[in-house]
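Q: If you want this note's numbering, it's the position in the sequence shown, counting the first as 1, plus 6.
Just so it is clear, CB atoms sit at the ideal spot from N, CA and C, and this is done for glycine as well.
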Amino acid sequence: MSIMEAVPIHTPDVDRHGGEEASADLLPKLALGSSFEPDSGVIQALPIPGTRVISARNYGMSLWGRTARIDAQLPTGETKIYFLKTSNLGDAGRLKIEGEFESLRALNAVSPSLVPFVYNWGKFKDRKSPGEQVYFLLAEFREVGEQPPNPVAFTARVADLHQRSVSPTGKFGFHITTCHAILPQVTDCWEESWSALYKKQLAHMVKRDREKHGDWPEFYRICDLVLEKVIPRLLEPLQSDGRSIKPCLVHGNLWDENTATDMETGEPFIFDGSSFYAHNEYEIGNWRAARHRLSDKMYVRNYKRNFPVSEPEDEWDDRNLLYSLRYDLGTAILIPGCNQRQVVKENMTLLCQKFFPEELLDIQGGRIGAGLRDDPKLEEEEEEEEEEEEEEE
7 MSIMEAVPIH
17 TPDVDRHGGE
27 EASADLLPKL
37 ALGSSFEPDS
47 GVIQALPIPG
57 TRVISARNYG
67 MSLWGRTARI
77 DAQLPTGETK
87 IYFLKTSNLG
97 DAGRLKIEGE
107 FESLRALNAV
117 SPSLVPFVYN
127 WGKFKDRKSP
137 GEQVYFLLAE
147 FREVGEQPPN
157 PVAFTARVAD
167 LHQRSVSPTG
177 KFGFHITTCH
187 AILPQVTDCW
197 EESWSALYKK
207 QLAHMVKRDR
217 EKHGDWPEFY
227 RICDLVLEKV
237 IPRLLEPLQS
247 DGRSIKPCLV
257 HGNLWDENTA
267 TDMETGEPFI
277 FDGSSFYAHN
287 EYEIGNWRAA
297 RHRLSDKMYV
307 RNYKRNFPVS
317 EPEDEWDDRN
327 LLYSLRYDLG
337 TAILIPGCNQ
347 RQVVKENMTL
357 LCQKFFPEEL
367 LDIQGGRIGA
377 GLRDDPKLEE
387 EEEEEEEEEE
397 EEE
């Protein structure tokens, strides 16, 4: 199965996963669900030989697979709890699971209290249907509490992760492809220039968007302007005129439901990694979206207290907006019915208006502010709604 053919196992809540603002309601508490018989491949992957599975129950929800809790008895008689995550998306699932395993392993090596330990990943051995390929990941189990965690403790831990991480090559990138949900990222390369890597990342998502949604000429012309002009303008100064930035290990997709308070320790932890070595401020680009509780000023303000803003400091907000494009475009591809594609176009237009207004006017045919609300799909939906209203009348 290809990435673009994959559909969520659970129906996404558009407001929750791709809406315009965060709900005032608390996130639902994760609960244990139905029992199931674990695959023999999972049992063989348990880290201690002779371990006996006591129970396996669904735990929480993943849009792209199953998450579960496995209670097991070790040969010593001690009880041990494991976290299981699976994906039945074939090769796409393998890419996702392996990338997440390598992400969590790298993150845990830097900050074991912040990130659960991962034991193994592999493939189911008991096929239920011909050709079915299911991949899994086994990790330390931590019970999910409040989401997102307390802003002061959480941001201090995330900043510490960024500061203490060290790129094995001294460059930006990663040793393997990792995924934003099920979307492969351009991470399996090493770049001296952060601007060059981020351009590759965003260009890749633009390509995926075109494959998913079809052509939208004005949007893609603005995308080209951002890729060719805005990215160098905002990111090259980070590594010029005597300035430098450190490649930091990032989680890669920190939002409300990839963070939590550990119910046993009361400390924050993170999971569902999609990591690579990046500019640390890239991590915060995902917090800009009002649909995330992490957009609360307390999170950004406290993060900045722990990790000072990069120079040029006065362009922090512009860079933050630029980094948000990558996350929001990924959401537009993944969550049917959301308006994030339109949001990306509007935000790209704002950046172009600020830094390259003449080039933007050329794209828009001299129409100042044009094209901010003209996604063809949205127009079609609005026309259909109007027709339905007329019929009802």
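#1: Please report the residue range of the beta strand (DSSP E) in which ASN126 lies.
#2: What residue range does the alpha helix (DSSP H) around ILE341 cover?
#3: So, with DSSP's three-state summary, where would you put ALA74?
#4: Scan the region 235 to 264 and note each continuous alpha helix (DSSP H) run of 4 residues or more that stays entirely inside, going in chain order.
#5: Name the residue from VAL140, LEU113, GLN359 whose alpha carbon lies nearest to the alpha carbon of GLY71.
#6: Taking the alpha-carbon of THR267 as reference, which of GLY96, LEU244, LEU80, PRO157 has the nearest alpha-carbon?
#7: In the DSSP output, which residue or residues are listed as bridge partners for TYR141?
#8: Could you pull the DSSP bridge partners for ILE87 from this structure?
#9: Helix, strand or coil, according to DSSP, for TRP293 in the structure here?
#10: Residues in its own chain within less than 6 angstroms of ILE103 by CB, not counting five upstream and five downstream?
#11: Apart from the five residues on each side of it in sequence, which residues of its chain come closer than 7 angstroms, Cβ to Cβ, to ALA376?
#12: Express the C-alpha separation of GLY83 and PHE178 in angstroms, rounding to a whole number.
#13: Select from LYS213, VAL349, GLU197, SER135 the residue whose C-alpha is nearest the C-alpha of PRO190.
#14: Just to confirm, are ASP184 and SER109 a CB contact at a threshold of 8 angstroms?
#15: Use the C-beta contact count for LEU328: other C-beta atoms within 10 angstroms, 16 or more gives buried, fewer gives exposed.
#16: Strictly by DSSP, which residues pair up with CYS195?
#17: Specify, as a first and last residue, the run of the alpha helix (DSSP H) that VAL48 falls within.
#18: Entirely within the region 265 to 323 and at least 4 residues each: give me those alpha helix (DSSP H) ranges in chain order.
#19: Does the region 195 to 203 touch the region 299 to 312, meaning 3 or more C-beta pairs lie closer than 8 angstroms?
#20: Is it buried or exposed, GLN153, if we count other Cβ atoms within 10 angstroms and call 16 or more buried?
#21: Which residues bound the alpha helix (DSSP H) around SER201?
#22: Let's test the definition: count the other Cβ atoms within 10 Å of the Cβ of ILE228 and tell me whether it reaches 16, buried, or not, exposed.
#23: Report yes if the CB atom of ALA284 is closer than 8 angstroms to the CB atom of PRO253, and no otherwise.
#24: By how many angstroms is the C-alpha of HIS219 removed from the C-alpha of GLN359?
#25: Roughly how many angstroms separate the alpha carbons of ILE182 and GLY279, rounded to a whole number?
#26: If PHE123 and GLU146 are in contact, beta carbons under 8 angstroms, what's the gap, nearest whole angstrom?
#27: Does the beta-carbon distance from LEU335 to LEU300 come in below 8 angstroms?
#28: Would you mind working out which of ALA295, ALA98, THR85 sits nearest ASN429, comparing C-alpha positions?
#29: State the Cα-Cα distance for the pair PRO342 and ASP166, rounded to the nearest angstrom.
#30: Where does LEU52 land, buried or exposed, given buried means 16+ other C-beta within 10 angstroms?
#31: Name the two residues that bound the continuous alpha helix (DSSP H) containing LEU38.
#32: Rank ILE76, PRO81, LEU208 by C-alpha distance to the C-alpha of THR87 and give the top, closest one.
#33: Check whether the Cβ atoms of THR161 and PHE180 lie closer than 8 angstroms to each other.
#34: Measure the alpha-carbon distance for LYS205 versus LEU233 and round it to whole angstroms.
#35: Taking the alpha carbon of TRP238 as the reference point, which residue from ARG325, GLU270, SER316, THR265 has its own alpha carbon closest?
A: Quick look at the numbers:
#1: 124 to 129
#2: Note, ILE341: premise wrong, no alpha helix (DSSP H); not H, not E.
#3: strand
#4: 237 to 241
#5: VAL140
#6: PRO157
#7: SER93, LYS129
#8: ASP77
#9: helix
#10: SER93, TRP127, TYR141, LEU143
#11: For ALA376, the predicted structure reports a pLDDT of 46, less than 50, and the residue's modelled location is therefore unreliable. A value from the coordinates is still provided. Result list for ALA376: GLN370, in chain order.
#12: 45 angstroms
#13: LYS213
#14: The displayed chain sequence assigns Thr, not Asp, to residue 184. Contact: yes.
#15: buried
#16: In the DSSP output, where bridge partners are listed per residue, CYS195 has none listed.
#17: 46 to 51
#18: 303 to 312
#19: no
#20: buried
#21: 200 to 219
#22: buried
#23: yes
#24: 25 angstroms
#25: 13 angstroms
#26: 4 angstroms
#27: no
#28: Past the boundaries of the shown model lies residue 429; the chain is included only from 7 to 399, so the question cannot be answered.
#29: 36 angstroms
#30: buried
#31: No alpha helix (DSSP H) holds LEU38; the beta strand (DSSP E) holding it covers 38 to 41.
#32: What sits at residue 87 in the sequence shown is Ile, not Thr. For the residues ILE76, PRO81, LEU208, the minimum Cα distance to ILE87 belongs to ILE76.
#33: no
#34: 6 angstroms
#35: The sequence shown places Pro at residue 238, rather than the Trp named in the question. For PRO238, the nearest C-alpha among the options comes from ARG325.
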